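Written out below as structure tokens is the structure these notes cover.
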Amino acid sequence: MSLRQLLARKRMVILGLNSGTSADGLDLAVLEISPSHVTPAKYLAGKCVAYPPHLRDAVLTLSDAHTADLNHLVYLDHALGEFYGTAAARFQAWLSHRGITIDAIGSHGQTVRHLPAPTTFLGRRVHGTLQIGSLEMIATLTGKPVIGDFRQADVALGHEGAPITVAAMARLFGHPSRSRLIVNIGGMANYFYFPAGFDVSEIRAADTGPGNVLSDLLCRT
């Protein structure tokens, strides 16, 4: 199925893959959504697959600027893609026995470097972010279209690459007559402010600093 055919459908079933900065596991969630955004998303199923210790150690080693290695980056991109793709394929098989067919997969990838503060590089002001976990490997192992590079897309539009769930959060928590402030404590903590009446120009969202990446570290030391 082509992307154009997929987007033409009134409803589609998407498998989302996500791993946070704590690098403790892969979250998988299946939702039925409407591209028109007229009807709300419907949660169908989900699970978490823990990272094997050696894979988590490799992620943390690469995420440390003092121990990062370019060859390591290439190999880990492949290894994570294989891990994600295998987990997704197994989950896909489980879903098929329950009458659920996946149309496409969205993969966030594993963040190994996030540099939101602009700096001068080659005479230009730049900032960036990098997530790995080969999308092509996931597509090969599952046979499904795979969508990714969400944070890079946010940076390309002039933003910081985080947080990137503003549109989804607005649909979940926005209210016609009440303003709401949402605090999310993930690996990195962030906030979302949704003014009453869905005034998009007044929506605010930003990272605030380390979140459970610190509590996770404390629990392991």
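503 is the number of the first residue of the sequence shown in the numbering used here; add one for each residue after it. Every residue, glycine too, gets a C-beta built ideally from N, C-alpha and C. No experiment lies behind these values; they were computed from the predicted model shown.
Through-space distance from residue j to residue i, alpha-carbon basis
i, j, result
"Q633", "G527", "15 Å"
"D579", "C721", "27 Å"
"V648", "T622", "33 Å"
"L505", "T723", "46 Å"
"A547", "H616", "30 Å"
"A658", "L674", "26 Å"
"R592", "S598", "10 Å"
"I636", "V614", "The residue asked about is misnamed: residue 636 is Ser in this sequence, not Ile. Taking the straight line joining both Cα atoms gives about 13 Å."
Close-in-space but distant-in-sequence residues of the same chain around residue i (CB under 7 Å, 5 per side omitted)
i, result
"R688", "The sequence given here places Gly at residue 688; Arg does not occur at that position. So the qualifying residues of the chain are G522, G713 and N714."
For residue i, the three-state DSSP class (helix, strand or coil)
i, result
"G527", "strand"
"D709", "strand"
"R558", "helix"
"M631", "The sequence shown places Thr at residue 631, not Met. Strand, per DSSP."
"R511", "coil"
"R722", "helix"
"T667", "coil"
Segment limits, beta strand (DSSP E) that includes residue i
i, result
"F652", "That residue, F652, is in no beta strand (DSSP E); its alpha helix (DSSP H) goes F652 to A658."
"V551", "K544 to A552"
Endpoints, alpha helix (DSSP H) assigned at residue i
i, result
"P762", "With the chain covering only 503 through 723, there is no way to say anything about residue 762."
"S598", "L572 to S598"
Own chain partners of residue i with C-beta closer than 6 Å, once the 5 adjacent residues on each side are dropped
i, result
"R627", "P620"
"D529", "N520 and C550"
"V515", "E534, I604 and D605"
Buried or exposed by the 16-neighbour rule on C-beta atoms within 10 Å, applied to residue i
i, result
"L564", "buried"
"K724", "With the chain covering only 503 through 723, there is no way to say anything about residue 724."
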